[in-house]
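Student: One structure, as structure tokens, below. Some questions next.
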Amino acid sequence: MILQLVILIVKIILLIALLMLGFAYTTLFERRLLGFFQLRLGPNRVGPFGLMQPLADGLKMALKEDLMPALADKSVFRLAPVFSLFAALCVDAVIPFGAPIHLFGTTITLDIANPSIGLLIAFAFSSLGIYGIVLGGWASQNKYSLLGGIRASAQMISYELAMGLSVMGVLMLAHTANMEDIVLAQKAHGWFFVPEIIPFLIYYITAFAETNRTPFDLPEAESELVAGYHTEYSGFRFAMYYIAEYINMITVSGIAVTLFFGGWLGPSFLPPIVWFLLKVGVSMFVFVWVRATFPRFRYDKLMSFGWKYLVPAALIYFVATAAFVSGVI
Amino acid sequence: MVGIGILGVLAIAAAIGVITARQPVHSALYLVANLLSLALLYLDLKAEFLAAAQVIVYAGAIMVLFLFVVTLLTAGKEEHELPEDLPGQRATAGILSIIVGIVLVALAIKYPGTQLKVALPSGFGGLNSTGKLLWGPDFIYLVGVAIMLLTAALGVLVLNPPKRERLLERRLAAQKEHDATAETRKGAGKEGQGA
């Protein structure tokens, strides 16, 4: 009992440490890659290959003054970034990072919790992430922030629908909502991106919208809204939003890998957790690649794309998968 | 048991916050807290699916739409009390809540926790059992509710059609005005040159 508790606490600390490390080096990875895409070098001065850059950035963030707008709603202003970061961290609790390992005579699963409805728990937490953005935008009492927050709420609600519909096919093929069992089902039936290629694409597009990344970064469109919902934030509170955005990127990549690309499955010359992290890394590269390639959508186009194309397409494929699984066709 | 007690206190405190908060956004936030503590209560009953559905549907979607409207309407507004339209509604609500409270306490005294043993069906609130319930004998009711909701949504669209003609008129008027100002500017420019 006590051993289980200790293992759980160690796992939680390790997961948060891994995510923070992942966040720090994703920022460097992104800035270096964007540099290469734009035929320049990117940050390479701090340490070898710029590897100490995240440390310098973190130090800068921590030492900045923490500003509070005079008219802001103080309690909500303080609460909002915490909510964002909390929701971002919680989703990762149900993602299996690797095959169960045997240590000290017990079996340790590489996730914090393994509920039978893991996928739904992940969606529940990620749907809470919207609050941080909406509340931050509202509490700042600034027109640009408010517009950013309102855009975020409409955009994320709309795309969440298509996202939810797109993963239902996987749920039906695997006959379970447990993340671990979904991975194991892919061991038996092959990776699910083959039969579910269209839902995978829909999921991936909506993932960009859910994490507010280019080309769907309208909540913080700097050419129209200064910096959107986090215009008034500085110092560590801004850093919390920043961390939440990057951890969300890691999370949606992790879910995509788990659902469509076999999770930690892979040839045995590398340990399972390395396979998982490699696949997530590829997905992160695509995130940066898309950011370097596409311009931002216009807001009305974003909405009509989500509602008129993504939702119907996801719905049609959802019904088709249901018919296939139940043996109607 | 202790967990249920703590969650109950949390839920009631949040519910009181909803009606006492002066700022509508704070009210909405208290309601979110209330919904989340309800979800945790479901988890305490091992009703995992109900808990997740509660968070996804109520906290994750409906309350976000609430907040969307509330933030849009209350941004930059000073807090002030509006005069009440219905006189005496506070007194009525107070009396009613006292009556309900008395009934609840009486019930609690009559049936103490040890006597109250409701057998939950196996797998209560889980993914499979909820699915079997919804798609089993009760399917027809599910369809009925779905059609009712769809009718309501259609009704909103039919009752509030976009006023196309008026919009067109306004656009034409704006265009005319724009042309007129352009004319006068052109004229003014010419006069200036002539002078």
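Which chain is which? The protein sequence lines are A and B, in order. For the first sequence, counting from 1, position 125 maps to 125 in full-length UniProt numbering; every step adds exactly one. For the second sequence, counting from 1, position 150 maps to 150 in full-length UniProt numbering; every step adds exactly one. C-beta: ideal position from N, C-alpha, C; glycine also.
Using only the alpha-carbon positions, how far apart do glycine 235(A) and methionine 63(B) sit?
Tutor: As a working note, residue 235(A) is residue 235 in the first sequence. As a working note, residue 63(B) is residue 63 in the second sequence. Answer to the nearest angstrom: the Cα atoms are 29 Å apart.
Student: In chain order, what residues of the same chain have a beta carbon less than 7 Å from the beta carbon of serine 253(A), not counting five sequence neighbours either side?
Tutor: Taking the first residue of the first sequence as 1, we reach residue 253(A) at position 253. So the list reads Val280, Ser283 and Met284, once near-sequence residues are dropped.
Student: On the three-state DSSP scale, how would you describe leucine 149(B)?
Tutor: In the second sequence, residue 149(B) corresponds to position 149, counting from 1. Three-state result, leucine 149(B): helix.
Student: My guess is that leucine 218(A) and arginine 291(A) are in contact by the Cβ rule of under 8 Å, so how many angstroms apart are they, rounded?
Tutor: What you label residue 218(A) is simply residue 218 of the first sequence in a count that begins at 1. What you label residue 291(A) is simply residue 291 of the first sequence in a count that begins at 1. Rounded, the Cβ-Cβ distance is 14 Å, inconsistent with contact.
Student: Counting C-beta neighbours from all protein chains within 10 Å, is the total for histidine 230(A) 16 or more, i.e. buried, or is it exposed?
Tutor: Residue 230(A) sits at position 230 when you count from the first residue of the first sequence. By the neighbour-count rule (16 or more Cβ atoms within 10 Å), histidine 230(A) is buried.
Student: Should glutamate 169(B) be labelled buried (16 or more other beta-carbon atoms within 10 Å of its own) or exposed?
Tutor: For the purposes of this step, residue 169(B) is taken as residue 169 along the second sequence, with counting starting at 1. Flag for glutamate 169(B) reads exposed.
Student: Quick check on the burial criterion: 16 or more other C-beta atoms within 10 angstroms. Buried or exposed for glycine 22(A)?
Tutor: Counted from its first residue, the first sequence places residue 22(A) at position 22. Answer is buried; the Cβ neighbour count reaches 16.
Student: With DSSP collapsed to three states, give me the class of isoleucine 117(A).
Tutor: On the first sequence, residue 117(A) is found 117 positions in, with the first residue counted as 1. Of the three classes helix, strand and coil, the one that applies to isoleucine 117(A) here is coil, per DSSP.
Student: Under a Cβ-count criterion, where at least 16 other Cβ atoms within 10 Å of its own Cβ denotes burial, should methionine 1(A) be classed as buried or exposed?
Tutor: By 1-based counting over the first sequence, the position of residue 1(A) is 1. Exposed, by the Cβ-count rule.
Student: DSSP puts leucine 103(A) in a beta bridge; with which residues?
Tutor: Within the first sequence, numbered from 1, the residue matching residue 103(A) stands at position 103. DSSP, once it has assigned bridges, lists Thr106(A) as partnering leucine 103(A).
Student: Compute the beta-carbon to beta-carbon distance between phenylalanine 97(A) and phenylalanine 276(A), rounded to the nearest angstrom, for a pair I have assumed lies under 8 Å.
Tutor: The residue you call residue 97(A) lines up with position 97 of the first sequence. The residue you call residue 276(A) lines up with position 276 of the first sequence. Yes, phenylalanine 97(A) and phenylalanine 276(A) are in contact; Cβ-Cβ is about 6 Å, under 8 Å.
Student: Determine the contact status of tyrosine 203(A) and alanine 256(A), defining contact as a CB-CB distance below 8 Å.
Tutor: As a working note, residue 203(A) is residue 203 in the first sequence. As a working note, residue 256(A) is residue 256 in the first sequence. Yes, these two residues count as a Cβ contact at 8 Å.
Student: Pull up the CB-CB distance for serine 127(A) and isoleucine 109(B), whole angstroms please, since I reckon it's below 8 Å.
Tutor: To locate residue 127(A), count along the first sequence from 1; it is residue 127. To locate residue 109(B), count along the second sequence from 1; it is residue 109. 41 Å between Cβ atoms; not a contact.
Student: Anything in the stretch 58–70 of chain B with a Cβ closer than 9 Å to a Cβ of chain A? List those residues in chain order, please.
Tutor: Of all residues in the stretch 58–70 of chain B, Ala59, Gly60, Ala61, Met63, Val64, Leu65, Leu67, Phe68 and Val70 have a Cβ within less than 9 Å of some Cβ in chain A.
Student: Sort Leu41(A), Asp92(A) and Gln38(A) by Cα distance to alanine 17(A) and report the nearest one.
Tutor: Against the first sequence, residue 17(A) aligns to sequence position 17. It is Asp92(A).
Student: Residues in its own chain within less than 8 Å of proline 69(A) by CB, not counting five upstream and five downstream?
Tutor: Working through the first sequence from its first residue, we reach residue 69(A) at position 69. Cβ neighbours of proline 69(A) beyond the five flanking positions: Phe77, Ser140, Gln141, Asn142 and Glu232.
Student: Compare the C-beta of phenylalanine 49(B) against all C-beta atoms of chain A and say whether one is closer than 8 Å.
Tutor: By 1-based counting over the second sequence, the position of residue 49(B) is 49. So yes, phenylalanine 49(B) belongs to the interface.
Student: Have a look at tryptophan 289(A) and glycine 155(B) and give me their C-alpha separation to the nearest angstrom.
Tutor: Within the first sequence, numbered from 1, the residue matching residue 289(A) stands at position 289. Within the second sequence, numbered from 1, the residue matching residue 155(B) stands at position 155. Distance between the alpha carbons of tryptophan 289(A) and glycine 155(B) is about 45 Å.
Student: Name, please, each residue of chain A whose Cβ falls closer than 8 Å to the Cβ of alanine 146(B).
Tutor: Residue numbering aside, residue 146(B) sits at position 146 when the second sequence is read from its first letter. Correct list: empty, because the minimum Cβ distance to chain A is about 14 Å.
Student: Assuming isoleucine 12(A) and threonine 258(A) are in contact, meaning their beta carbons sit under 8 Å apart, how far apart are those beta carbons, in whole angstroms?
Tutor: Your numbering for residue 12(A) matches position 12 in the first sequence. Your numbering for residue 258(A) matches position 258 in the first sequence. Incorrect: roughly 19 Å between the Cβ atoms, too far for contact.
Student: At the 8 Å Cβ level, is leucine 72(B) part of the contact set with chain A, yes or no?
Tutor: As a first step, residue 72(B) must be located in the second sequence, where it is residue number 72. Cβ-Cβ to chain A under 8 Å: yes for leucine 72(B).
Student: Compute the distance between the beta-carbons of leucine 201(A) and valine 311(A), then report whether it is under 8 Å.
Tutor: Within the first sequence, the letter at position 201 stands for residue 201(A). Within the first sequence, the letter at position 311 stands for residue 311(A). No, Cβ-Cβ distance for leucine 201(A) and valine 311(A) is not below 8 Å.
Student: Starting from glutamate 222(A), trace the alpha helix (DSSP H) both ways and give me its first and last residue.
Tutor: Stepping through the first sequence from its first residue, residue 222(A) is reached at position 222. Unbroken alpha helix (DSSP H) run through glutamate 222(A): 222–225.
Student: Output the boundary residues of the alpha helix (DSSP H) element that contains phenylalanine 200(A).
Tutor: In the first sequence, the residue the question calls residue 200(A) occupies position 200. Note, phenylalanine 200(A): alpha helix (DSSP H), 197–210.
Student: For aspartate 66(A), which residues of its own chain have a beta-carbon under 8 Å away from its beta-carbon, when the five flanking residues on both sides are left out?
Tutor: To locate residue 66(A), count along the first sequence from 1; it is residue 66. Closer than 8 Å at the Cβ level, and outside the excluded window around aspartate 66(A), lie Ser234, Gly235, Phe236 and Arg237.
Student: I'd like the ranges of any beta strand (DSSP E) spanning at least 3 consecutive residues and lying wholly in the stretch 1–49 of chain A.
Tutor: You should have found no qualifying run.
Student: What in chain A is Cβ-close to isoleucine 99(B), meaning under 7 Å?
Tutor: The residue labelled residue 99(B) in the question sits at position 99 within the second sequence. Going along chain A, no residue has its Cβ under 7 Å from isoleucine 99(B), so there is no contact; the nearest lies around 35 Å.
Student: Identify which residue in Ile7(A), Asp57(A), Phe29(A) and Glu220(A) has its Cα closest to the Cα of glycine 149(A).
Tutor: Along the first sequence, read from residue 1 onward, the residue named residue 149(A) stands at position 149. Selected option, being the one with the closest Cα: Glu220(A).
Student: Considering only the beta carbon of each residue, do isoleucine 243(A) and leucine 34(A) sit closer than 8 Å?
Tutor: Mapped onto the first sequence, residue 243(A) falls at position 243. Mapped onto the first sequence, residue 34(A) falls at position 34. No; because the gap between Cβ atoms is not below 8 Å, this pair is not in contact.
Student: Taking Cβ-Cβ distances shorter than 9 Å, what residues in chain B pair up with isoleucine 121(A)?
Tutor: By 1-based counting over the first sequence, the position of residue 121(A) is 121. Those within 9 Å of isoleucine 121(A) in chain B are Glu48, Ala51, Ala52 and Val55.
Student: Using only the heavy atoms of the ligand SAH, determine whether one of them is closer than 7 Å to the beta carbon of proline 54(A).
Tutor: Of the ligands one can find in the structure shown there are none, so the ligand SAH has no counterpart to examine.
Student: Which residues, in order along the stretch 13–26 of chain B, keep a beta-carbon less than 9 Å from a beta-carbon of chain A?
Tutor: The residues in question are Gln23, Val25 and His26.
Student: Judging by CA-CA distance, which residue of Tyr144(A), Ala124(A), Ile7(A) and Gln53(A) is the nearest neighbour of leucine 50(B)?
Tutor: Locating residue 50(B) in the second sequence gives position 50, where the first residue counts as 1. The residue with the shortest Cα to Cα distance from leucine 50(B) is Ala124(A).
Student: Does the CB of leucine 127(B) have a neighbour CB from chain A at under 8 Å?
Tutor: Here the question's residue 127(B) lines up with position 127 in the second sequence. For leucine 127(B), the answer is yes, since a Cβ of chain A falls inside 8 Å of its Cβ.
Student: Can you pull the chain B neighbours of valine 134(A), defined as C-beta to C-beta under 8 Å?
Tutor: Position 134 of the first sequence holds residue 134(A). Val64, Leu67, Phe68 and Thr71, listed in chain order.
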